[in-house]
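Start counting the sequence shown at 5; every next residue gets the next number (the working numbering).
Glycine included, each C-beta is placed from N, C-alpha and C at the ideal position.
From a predicted model like this one, the values you see are computed outputs, not experimental measurements.
Input: a single structure, listed below in structure tokens.
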Amino acid sequence: MASPKIVSASDPRNIEAAASLLKKGGLVAFPTETVYGLGADAFNTAAVCRVFEVKKRPQFDPLIVHVGDPQEVRRLWQAVPPSAEELIRRFWPGPLTLVLPKTENVPDIVTAGLSTVAVRMPKNRHALTLIECFGRPIAAPSANLYGYTSPTSAQAVLEDLGGVVDLILDGGLTEVGIESTVLKIESGKGVLLRPGGVSKEELLRILPVSESAGPDEGVCESPGLARSHYAPWTGLWLVEDSYAEFVKELAQVHKVFEEKKVSWPRLGLLSFAGQKETALFESVEVLSPTRDLTEAAARLFGSLRKLD
Ligand code: TXA
Ligand code: MG
């Protein structure tokens with residue numbers, strides 16, 4: 005197995021090396037503004053097939069095609085409706101993925117056999133330089149093992165895929181930190197398939213948007229809506245009480261453990277704005293001390309990985 009390789013995305017020679025690997029059907033991890041992607045030539049069936057293999061991703065979960073120029077969509081989609089044109093004008097480059105009926109140019113493996121293809125233009129200079137240098141669209145899922153949290157650093161990619169990826173372009177921590185919003189466009193209306201970097205409110209200024217039925221209602225329009233996704237290996241509980249309330253109750257349980265001389269489990273706390281120090285937790289990660297949602301999103305996956 006080739007040795008894992010992290011190189012700086014700022015060096016043009018590394019971008020060239022990455023592009024030439026892609027041309028040969030290789031897999032290159034690269035930064036985007038959302039999370040790191042595991043890239044392959046979108047028109048090379050064998051290369052895309054390897055993406056599924058190394059991620060251990062089920063064949064039914066389609067990939068996003070990344071373009072460096074909005075004009076590229078004409079090769080990928082059958083038509084570009086006016087609502088899509090407006091969304092592209094407003095949000096590209098940026099964390100919005102649009103899903104529309106595909107042309108025959110797009111291999112079926114990219115879309116997992118679906119008749120639509122998801123496309124986005126990332127807002128990251130390294131990603132855009134790579135696509136330009138390569139000269140073709142890049143199919144890329146997030147560069148993590150299937151089901152696990154998405155990588156927001158080159159190091160996180162290395163942890164998951166170091167042994168199987170050909171090259172990792174290091175562009176530092178990703179800015180947005182959560183994935184792109186995935187929006188399917190049907191008859192001028194939007195169906196939200198995955199929440200992400202662009203909010204529903206922002207989209208609503210341009211077109212009507214409905215929520216996807218999701219897996220619970222029996223239809224799963226986007227496989228990425230699967231019940232378990234972006235999950236750490238360690239069990240995770242969502243606490244909806246206030247921080248103070250929760251810690252108070254936990255302290256009571258802790259006291260009982262002490263009285264009965266039962267050893268306290270190893271707990272980690274992922275807190276939005278709570279304190280850093282507490283005797284109850286082995287480790288505490290605070291997402292945003294100032295309660296800033298953008299900052300919290302940027303830290304979410306990195307913090308989950310750290311606690312894991
Ligand atoms: O921010 C992002 O979108 C990152 C970066 C690397 O661009 N990519 C990413 O890709 O998150 P991935 O493969 O982890 O998630 C793609 C999501 C999945 O939920 C998938 O089911 C959905 O997009 N998707 C892709 N093509 C689709 C299609 N034709 N119809 C419906 N959903 C689709
Ligand atoms: Mg993913």
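Query	Result
Opposing strand residues paired with ASP15 [DSSP bridges]	Beta-bridge pairing links ASP15 to no other residue.
Separation of TYR234 from ASP312, as counted between CA atoms	13 Å
The ligand TXA heavy atom lying under 7 Å from the CB of LYS264	no
beta-carbon PRO145 near the ligand MG non-hydrogen atom, thresh 7 Å	yes
Where the beta strand (DSSP E) through GLU244 begins and ends	Run containing GLU244: none; DSSP gives neither H nor E here.
Per DSSP, the bridge partner or partners of ALA143	ALA44, VAL69
Cβ-Cβ distance between LEU91 and VAL121 below 8 Å	no
Backbone secondary structure at ASP174 - three-state DSSP	strand
According to DSSP, residues forming a beta bridge with PHE4	Since the first residue of the chain shown is 5 and the last is 312, residue 4 is not available in this structure.
Coil, strand or helix - LEU308 by DSSP	helix
Nearest-angstrom Cβ-Cβ length linking LEU134 and ALA147, presumed shorter than 8 Å	About 13 Å separates the two Cβ atoms, so there is no contact after all.
ILE10 (DSSP reduced to helix, strand or coil)	strand
C-beta atoms of THR178 and TYR40 nearer than 8 Å	yes
Proximal residues to ASN18 (C-beta, below 7 Å), its chain only, five neighbours per side dropped	VAL11, SER12, LEU173
Option nearest PRO35 by Cα separation, candidates ARG303, ASP245, GLY181	GLY181
Where LYS127 falls: helix, strand or coil (DSSP)	coil
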